[in-house]
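In what follows, a structure is listed as structure tokens, so that the remarks can point back to it.
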Amino acid sequence: MNEPLFARLGIEAIPAGVVLGSAWGSPGEAALAVHSPIDGSRLATLPVAGSHDADQAIAAAQACFPAWRSVPAPRRGELVRRLGLAFREHQRDLAELITLEVGKIRQESLGEVQECIDICDFAVGLSRQLHGTTMPSERHGHRLMEQWHPLGPVGIITAFNFPMAVWAWNAALALVCGDTIIWKPSEKAPLCALACQRLLGAELEALGDLPDGVASLLIGGRDLGAALAASPQVPLVSATGSVAMGRAVGQAVAARLGRSLLELGGNNAMIVTASADLELALRAIVFSAVGTAGQRCTSLRRLLVQRTIKDDLVARLRQLYARLPIGDPRRDGVLVGPLIDQAAAAAMDHALALSAAQGGVVHGGGRLHAGVSAGGAYVRPALVEIDAGAAIVQVETFAPILYLSAFDTLEEAIALNNVLRHRHQRSLRGRAVPLARRQRLRHRQRQPRHLRGRDRRRLRRREGYRRRTRVGLGCLEGLHAPDHQHHQLLERPAARPRH
């Protein structure tokens, strides 16, 4: 049934668990079974790379790095430009594969491939802007010049929930900067990785004069990611996943004085004040909390609501949650697909049981069996009224669970928001934006800020220039800030006199 799709993407036959550019490595002995979260059906059985394959990929990336960094940056950009065109050509097939392998609804899958296209476009422009600055020197007849240098092989470890886009964000920037790349995707989404690698390998072949070791792919388990993190030949490791995973990768890389770029979980909060436009707020809440079945690092986990409107908001949310179309993500009109596997559903069940034990009132939740495939992990999104200090609220569960807590003053809400360190985004809905700005609504990690309400047009006009400038310069170092990654992928030596 899926063979025509696999054939169009060039992944109908997978002989090995390691790919160097367009060249397959030696066949692996172990096998990895890939199942669809939609119905639990087996999609493929793939060979798995071993530790010797990881060593081979790292050695190949290291060996071709001097040649690759010497390729003119616009020529490197041409490879990425062609990759972006390939993403455009195969956008619908790639989106269909994302839906099949990770359970995203079609529109979200199409959006993910579009993000791959967009970052390729951005990186192509960047390939002609890798410039430094010149500065006056205190020495007569001298000037100072800075030049950015590529780091070397870059390890990319990606999660299942964005199986293509996260790799593209890293790969497109690394390639134009002159770095070689080694990709270890989630074992829950290897087919998406193979499809992307086939596209890139085809473009490497088409250009003809580029070595295969520029881009490698390793299919397998955690041991491959650990090998990348531990290798001194991989100066930068970019890893996306849970906080626990990031802690392990960060420690391993730091132990050898390497660099890490970590994009981890987020226990994100939204503050809704009594002055908020509830119609707009409800749309944002539901989309943020249940999109991708709550399996995004930017998913809304904590909702802080002013006490005077709490009962009204809870009643309206319950009505919306009860009407959510849940089911096969390939069907038109479905907004919530399955969780990635049964283990994720069990984790949600456990979190809801703990919530009830800690005094929470649970609305919704539980498994869904009617009208869905028996092999899929379909759940009803849950809304939990609970004290903001409850232990379960402090823990991120990768599922559509929204914890709702009341507050009396905005200062109290901001303090509750800032209790947790690990969060990607937070937002405020209401007319209290000036007060929020005075409070600065920030925490120790620099991440995006979204302040919206009825006065959003006035705020946009007043703040427009500053906000556009900051985004343009890549200063919003949040979920995916391209310039932030770009600076991680290049090495900046100390400025030196030039005679």
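Residue numbers for the sequence shown, in my numbering: 8 to 506.
All C-beta atoms in this analysis are idealised placements derived from N, C-alpha and C, irrespective of residue type, glycine included.
Since this is a predicted model, take the numbers as computed values, not measurements.
In this structure, how does DSSP classify Ala262 when only helix, strand and coil are distinguished?
Residue state, collapsed to three classes: helix.
Strictly by DSSP, which residues pair up with Thr106?
Thr106 pairs with nothing; no bridge assigned.
Close-in-space but distant-in-sequence residues of the same chain around Ala413 (CB under 7 Å, 5 per side omitted)
Excluding the 5 residues flanking it on each side, Ala413 has same chain C-beta neighbours closer than 7 Å at Val312, Arg314, Lys317, in chain order.
What number of angstroms, rounded off, separates the C-alpha of Glu418 from the C-alpha of Asn425?
For the pair Glu418 and Asn425, the Cα-to-Cα distance works out to about 11 Å.
Return the bridge partner residues of Gln313 from the DSSP annotation.
Bridge partners of Gln313: Phe414.
Do Gly373 and Arg387 have their C-beta atoms closer together than 8 Å?
Note that the C-beta distance between Gly373 and Arg387 is below 8 Å.
Helix, strand or coil at Ile126 [DSSP, three-state]:
In the three-state reduction of the DSSP assignment, Ile126 falls in the helix class.
Using the three-state DSSP reduction, which class does Leu211 fall into: helix, strand or coil?
In this structure, Leu211 counts as helix in the three-state DSSP scheme.
Burial state of Arg83, where buried means 16 or more other Cβ atoms lie within 10 Å:
Buried, because 16 or more other Cβ atoms sit within 10 Å of the Cβ of Arg83.
Assuming contact is defined by CB atoms lying nearer than 8 Å, are Ile226 and Ala420 in contact in what I supplied?
For Ile226 and Ala420, no; Cβs fall outside 8 Å.
Name the residue from Ala422, Val369, Ala358, Ala364 whose alpha carbon lies nearest to the alpha carbon of Glu403.
Taking Glu403 as reference, the option from Ala422, Val369, Ala358, Ala364 with the minimal CA-CA separation is Ala358.
State the Cα-Cα distance for the pair Gly382 and Ala350, rounded to the nearest angstrom.
Rounded to the nearest angstrom, the two C-alpha atoms are 13 Å apart.
Leaving out the 5 sequence neighbours to the left and right, which residues in its chain are closer than 6 Å to Gln154 when beta-carbon positions are compared?
Hits under 6 Å: Gly139.
Going straight from the alpha carbon of Asp490 to that of Gln136, what length do you get?
The predicted position of Asp490 is uncertain, since its pLDDT is 43 and thus under 50; no value can be drawn from it.
As assigned by DSSP and simplified to three states, the class of Arg464
Bear in mind that a pLDDT of 41 at Arg464, under 50, signals an unreliable position, so the number given afterwards is only what the model happens to contain. In this structure, DSSP gives Arg464 a helical state, which the three-state scheme calls helix.
What separation, rounded to the nearest whole angstrom, lies between the Cα atoms of Tyr472 and Gly437?
Here Tyr472 scores only 32 on pLDDT, less than 50, and its place in the model should not be relied on; the value that follows carries that caveat. Per the coordinates, the alpha-carbon of Tyr472 lies some 22 Å from the alpha-carbon of Gly437.
Here's a check: name, in chain order, each residue in its chain whose Cβ is nearer than 6 Å to the Cβ of Val26, leaving out the five neighbours to either side.
So the qualifying residues of the chain are Gln204, Leu224.
Kindly indicate the opening and closing residues of the beta strand (DSSP E) around Met142.
Start and end: 141 to 143.
Whose C-beta lies closer than 6 Å to the C-beta of Tyr410 among residues of the same chain, with five residues either side of it excluded?
Counting only Cβ-Cβ distances below 6 Å, and skipping sequence neighbours, we find Arg309, Val391, Ile393, Val400.
Roughly how many angstroms separate the alpha carbons of Leu361 and Arg323, rounded to a whole number?
Roughly 25 Å between the two C-alpha positions.
Please return the same chain residues whose Cβ sits closer than 8 Å to the Cβ of Ala353, not counting the five positions on each side in sequence.
Within the same chain, Ala353 has no close Cβ partners at all.
Tell me the rounded alpha-carbon separation between Leu207 and Met171.
Between Leu207 and Met171, the C-alpha separation is close to 12 Å.
Would you kindly work out how many angstroms separate the C-alpha atoms of Glu96 and Gly340, rounded to a whole number?
Within the model, the alpha-carbon separation for Glu96 versus Gly340 is close to 25 Å.
At which residues does the beta strand (DSSP E) containing Ala40 begin and terminate?
Element bounds for Ala40: 38 to 42.
Pull up the distance between the alpha-carbon of Val293 and that of Leu211, whole angstroms please.
For Val293 and Leu211, the distance between alpha carbons rounds to 42 Å.
Taking all protein chains shown into account, do 16 or more other C-beta atoms lie within 10 angstroms of the C-beta of Glu10, making it buried, or fewer, making it exposed?
With fewer than 16 other Cβ atoms within 10 Å, it is exposed.
May I ask you to list the residues that DSSP assigns as paired with Trp155?
Answer by DSSP bridge pairing: none, since Trp155 is not bridged.
Within the segment 173 to 245, ranges of the alpha helix (DSSP H) (whole runs, at least 4 residues)
Taking only runs of at least 4 residues, the alpha helix (DSSP H) segments lying wholly in the segment 173 to 245 are 197 to 214, 229 to 237.
State the start and end residues of the unbroken alpha helix (DSSP H) segment that holds Arg83.
Looking at the DSSP string, the run of the alpha helix (DSSP H) that includes Arg83 is 80 to 96.
Might you give, ordered along the chain, the residues of its own chain that have their beta carbon closer than 8 Å to the beta carbon of Gly110, omitting 5 neighbours on each side?
For Gly110, where only same-chain residues beyond five positions count, the Cβ hits under 8 Å are Ser43, Pro44, Ile45, Ala300, Pro336, Gly344, Pro345, Leu346, Ile347, Gly383.
From which residue to which residue does the alpha helix (DSSP H) around His357 run?
349 to 364 is the span of the alpha helix (DSSP H), which, as asked, contains His357.
Are the beta-carbon atoms of Leu214 and Leu86 separated by less than 8 Å?
Taking 8 Å as the Cβ cut-off, Leu214 and Leu86 qualify as a contacting pair.
Under 8 Å, do Gly32 and Leu53 count as touching if we go by C-beta distance?
Going by beta carbons, Gly32 and Leu53 fall outside the 8 Å limit.
With a threshold of 8 Å on Cβ separation, who are the neighbours of Ala74 within its own chain once the five nearest residues in sequence on each side are excluded?
The residues are Pro218.
Grab me the residues of Val173's own chain with a C-beta within less than 6 Å of its C-beta, minus the 5 sequence neighbours each way, in chain order.
Leaving aside the five residues that flank Val173 on each side, the residues in its chain whose CB is nearer than 6 Å to its CB run, in chain order, Thr165, Thr247.
Helix or strand or just coil, what does DSSP make of Thr52?
Thr52: strand per DSSP, three-state reduction.
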